[in-house]
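Heads up, the thing below is written out as structure tokens.
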């Protein structure tokens with residue numbers, strides 16, 4: 031294993047694959063899953079518990095879990111009768127999507143790590159999405175119903191998205207002897223996320239579970255605590271920080287999550303050996319060399335196989351996007367009608383109010399401007415008159431007048 035890990039770290043994936051215990055090939059993904067399950071069921075019971083099955087996404091995990099349960103029931107390792115129960119599986123909304131009401135779907139179940147007093151939401155209660163509505167400020171909010179039938183309104187934009195968990199409700203079958211895996215940390219039960227155990231007793235909906243980590247036994251009502259699933263296969267994302275004696279890896283070439291980082295994470299979970307299933311060994315080495323996986327590693331735990339593919343994302347969300355698009359168009363049409371009605375009502379309720387107000391303001395401005403100009407001109411004329419009165423009269427040339435000349439005898443009659 032050391033050689034396989036070292037070569038993978040160096041980017042030599044062909045050499046790393048050569049150092050695995052075995053690489054099995056088949057044409058179709060269903061055949062790959064079936065071959066992996068057959069190989070795993072050949073193991074002794076004590077070896078099975080130390081051999082982990084790793085897959086890339088949650089959809090494949092469900093398929094492998096179903097095939098494993100069929101094989102175990104055939105050999106009598108689990109009970110013959112199943113108890114049908116409801117489980118909550120992560121809806122896969124990102125923190126950015128959690129902030130917008132339009133990304134939620136009717137029937138989804140929400141839990142909150144902290145209560146919201148202004149909305150009447152309590153901590154760890156289950157709230158089911160009823161519908162999306164608009165509040166008094168035309169903001170999109172969600173109507174939720176709690177376990178007692180009480181309706182509350184919640185604005186996803188308020189608060190931190192990390193404090194809300196969004197689930198889809200699905201059906202699962204559980205029986206005595208089944209492996210179980212917890213999907214969300216539970217402080218009340220003192221159970222960690224991704225912790226696995228064995229159902230030793232199942233009485234109705236109450237299971238007695240022996241946990242792998244410390245061997246303790248715990249009685250849990252699975253109808254009340256619903257964040258669990260079958261614990262045979264595990265996603266590579268969920269297996270991080272864990273180690274097992276041996277690991278079986280399912281790596282279909284059609285999955286965009288087949289990349290170098292996921293491959294390295296998978297093989298480093300094993301202490302002694304790894305077996306891998308894929309369509310073509312050489313093609314797998316080429317894909318691992320071309321895809322580093324650094325940008326998609328955070329998506330593995332969400333099971334978003336086609337997130338980096340526009341076509342795949344469109345196929346996965348086509349129905350929801352169509353519905354959201356229709357709701358948005360209807361909402362915009364209603365908003366346009368409301369605005370048009372408000373404008374119409376405003377014009378007809380006060381037909382001359384706006385015009386009269388503008389005219390009055392215009393006249394007031396004209397009067398003010400005229401008064402200001404008149405005062406300016408008056409001040410200018412006053413300054414000119416004051417200047418004229420204060421200055422001495424102009425004196426002409428100092429020539430004697432006719433009278434003065436006559437008195438001095440300087441004049442004669444002709």
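Residue numbers (this note's numbering): 31 to 444. Note that the Cβ used here is the ideal one computed from N, Cα and C, for glycine as well. It should be emphasised that the depicted structure is a prediction, and the values quoted were computed from it without experimental measurement.
Residue range of the alpha helix (DSSP H) that includes residue i
{"i": "residue 108", "result": "Looking at the DSSP string, residue 108 is not in any alpha helix (DSSP H), and its letter there is neither H nor E."}
{"i": "residue 294", "result": "290-297"}
{"i": "residue 316", "result": "311-320"}
{"i": "residue 38", "result": "32-39"}
{"i": "residue 76", "result": "75-78"}
Beta bridge counterpart(s) of residue i as assigned by DSSP
{"i": "residue 214", "result": "None; residue 214 has no bridge partner."}
{"i": "residue 52", "result": "305"}
{"i": "residue 161", "result": "173"}
{"i": "residue 204", "result": "113"}
{"i": "residue 248", "result": "239"}
{"i": "residue 192", "result": "In DSSP, residue 192 forms no bridge with anything."}
{"i": "residue 47", "result": "None; residue 47 has no bridge partner."}
{"i": "residue 255", "result": "None, per the DSSP bridge assignment."}
{"i": "residue 209", "result": "228"}
{"i": "residue 141", "result": "195"}
{"i": "residue 183", "result": "173"}
{"i": "residue 300", "result": "274"}
Reference residue i, options the options, closest by Cα
{"i": "residue 201", "options": "118, 288, 75", "result": "118"}
{"i": "residue 135", "options": "260, 294, 351, 256", "result": "351"}
{"i": "residue 462", "options": "310, 274, 209", "result": "The chain is shown only over 31 to 444; residue 462 falls outside these bounds and no answer can be derived."}
{"i": "residue 209", "options": "191, 258, 58", "result": "258"}
{"i": "residue 85", "options": "101, 320, 63", "result": "63"}
{"i": "residue 94", "options": "189, 307, 366", "result": "307"}
{"i": "residue 249", "options": "68, 229, 176", "result": "229"}
{"i": "residue 189", "options": "211, 221, 151, 207", "result": "151"}
{"i": "residue 78", "options": "231, 107, 58", "result": "107"}
{"i": "residue 177", "options": "184, 155, 168", "result": "155"}
{"i": "residue 161", "options": "180, 123, 132, 144", "result": "132"}
{"i": "residue 180", "options": "198, 165, 157", "result": "157"}
{"i": "residue 96", "options": "233, 260, 372, 146", "result": "260"}
{"i": "residue 59", "options": "224, 279, 169, 372", "result": "279"}
{"i": "residue 224", "options": "233, 218, 241", "result": "241"}
{"i": "residue 272", "options": "243, 251, 286", "result": "243"}
{"i": "residue 219", "options": "365, 251, 198", "result": "251"}
{"i": "residue 268", "options": "246, 222, 312, 315", "result": "222"}
{"i": "residue 169", "options": "245, 277, 362", "result": "362"}
{"i": "residue 227", "options": "80, 199, 348, 364", "result": "80"}
{"i": "residue 365", "options": "105, 68, 167", "result": "167"}
{"i": "residue 67", "options": "98, 123, 245", "result": "98"}
{"i": "residue 105", "options": "73, 372, 165, 313", "result": "73"}
Contact belief for residue i with residue j at Cβ below 8 Å, rounded distance in angstroms
{"i": "residue 304", "j": "residue 37", "result": "Going by Cβ atoms, the distance from residue 304 to residue 37 rounds to 13 Å, so no, they are not a contact pair."}
{"i": "residue 196", "j": "residue 128", "result": "7 Å"}
{"i": "residue 88", "j": "residue 238", "result": "Not a contact, Cβ separation roughly 27 Å."}
{"i": "residue 288", "j": "residue 317", "result": "6 Å"}
{"i": "residue 293", "j": "residue 43", "result": "7 Å"}
{"i": "residue 149", "j": "residue 184", "result": "5 Å"}
{"i": "residue 231", "j": "residue 206", "result": "6 Å"}
Distance CB(residue i)-CB(residue j) smaller than 8 Å
{"i": "residue 52", "j": "residue 299", "result": "no"}
{"i": "residue 110", "j": "residue 71", "result": "no"}
{"i": "residue 163", "j": "residue 174", "result": "no"}
{"i": "residue 126", "j": "residue 138", "result": "no"}
{"i": "residue 284", "j": "residue 323", "result": "no"}
{"i": "residue 142", "j": "residue 213", "result": "no"}
{"i": "residue 204", "j": "residue 92", "result": "no"}
{"i": "residue 34", "j": "residue 297", "result": "yes"}
{"i": "residue 191", "j": "residue 172", "result": "no"}
{"i": "residue 54", "j": "residue 45", "result": "no"}
{"i": "residue 235", "j": "residue 356", "result": "no"}
{"i": "residue 281", "j": "residue 301", "result": "no"}
{"i": "residue 319", "j": "residue 41", "result": "yes"}
Residue i - containing beta strand (DSSP E), residue span
{"i": "residue 71", "result": "Segment 59-71 is the alpha helix (DSSP H) holding residue 71; no beta strand (DSSP E) there."}
{"i": "residue 98", "result": "Note, residue 98: premise wrong, no beta strand (DSSP E); alpha helix (DSSP H) at 88-104."}
{"i": "residue 81", "result": "81-85"}
{"i": "residue 275", "result": "274-280"}
{"i": "residue 187", "result": "Looking at the DSSP string, residue 187 is not in any beta strand (DSSP E), and its letter there is neither H nor E."}
{"i": "residue 167", "result": "Residue 167 -> no beta strand (DSSP E), and no H or E assigned at all."}
{"i": "residue 264", "result": "263-265"}
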